[in-house]
Amino acid sequence: MRAVGHVLLWCGFLGGAFTAVRSGAAPAPSALLPAYPILLAVGIAGVVLLRMSAGRALAHAPKVEGEMTLMRAALERLCAALDRMLGERSSIDVFDVHERIDEELLKDLAGFAEARESMIPAFGLEGYADVMTCFAGAERLINRAWSASADGYVDEVWDSLEQAATLMREARDRFLSRVPSARAAP
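The end of the sequence shown is residue 540 by this note's numbering, with every number in the run present.
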């Protein structure tokens, strides 16, 4: 709806400007006069749509704020769980890693992924892409570690989890850099 509002606003504005230029060069300027009220109505319709979409965005602000809190907590827990697994690597059997991933990471990975759309109104598309690039890379590496664990490839499990931990920390840092109040939150 926001995009349609912008299109209507600019069509009304540019159409009015072009009509004004054409009416100065027209042999009978009054022939183009009916276009002005039509273009004015188009522009006003665009403004109304833009205001309505802004109102809807404000109405969703509490949901976005709640999901941002959920995502922040999920990223913190994911980073802590990955660091904990890496710290305990000498005592964890490689065939148990996929079960630990399911127990310790799955819920937060899914929760973050389900709430990710809330980053768009909060950070914009560029901020969303910046965070999600790291998060998605970490998620792929966690999936790779899960598969390597099921197959018993020791080196690949730990290499994948180390890389995933690095990317997850980067995702968390990029997320927190866009939410200044999140640094002060418990």
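Heads up, the beta-carbon is just placed ideally off N, CA and C, and yes, glycines get one too. Just so you know, these numbers come straight off a predicted model, no measurement behind them.
{"Query": "For residue 313, I'd like the list of residues in its chain whose CB is within less than 6 Å of its CB, leaving aside the five on either flank, ordered along the chain.", "Result": "Given that the chain is displayed from residue 355 to residue 540, the structure contains no residue 313 and the question cannot be resolved."}
{"Query": "Throw me the rounded Cβ distance for the residue 429 and residue 494 pair, which I believe falls under 8 Å.", "Result": "At roughly 16 Å, the Cβ-Cβ gap does not stay under 8 Å, so residue 429 and residue 494 are not in contact."}
{"Query": "Hey, how far is the Cα of residue 474 from the Cα of residue 482?", "Result": "6 Å"}
{"Query": "Going by beta carbon distance, what residues of the same chain come within less than 6 Å of residue 369, once the five residues before and after it are set aside?", "Result": "393"}
{"Query": "Should residue 430 be listed as close to the ligand NAP, given that the test is whether its C-beta is under 7 Å from any heavy atom?", "Result": "Only the bare structure without any ligand can be found here, which leaves the ligand NAP out of the picture."}
{"Query": "Quick check: the Cα distance between residue 506 and residue 419, rounded to an integer number of angstroms?", "Result": "42 Å"}
{"Query": "Among residues of its own chain, excluding the 5 on either side of residue 516, which ones have a beta-carbon nearer than 8 Å to its beta-carbon?", "Result": "440"}
{"Query": "In three-state DSSP terms, what is residue 459?", "Result": "coil"}
{"Query": "Using a Cβ-Cβ cut-off of 8 Å (strictly less than) and excluding sequence neighbours within five positions of residue 431, which residues of its own chain qualify?", "Result": "462"}
{"Query": "If you run the structure through DSSP and keep just helix, strand and coil, what is residue 533?", "Result": "coil"}
{"Query": "Identify, in the order they occur along the chain, each residue of the same chain with its Cβ nearer than 7 Å to the Cβ of residue 528, setting aside the five sequence neighbours on each side.", "Result": "484, 485 and 488"}
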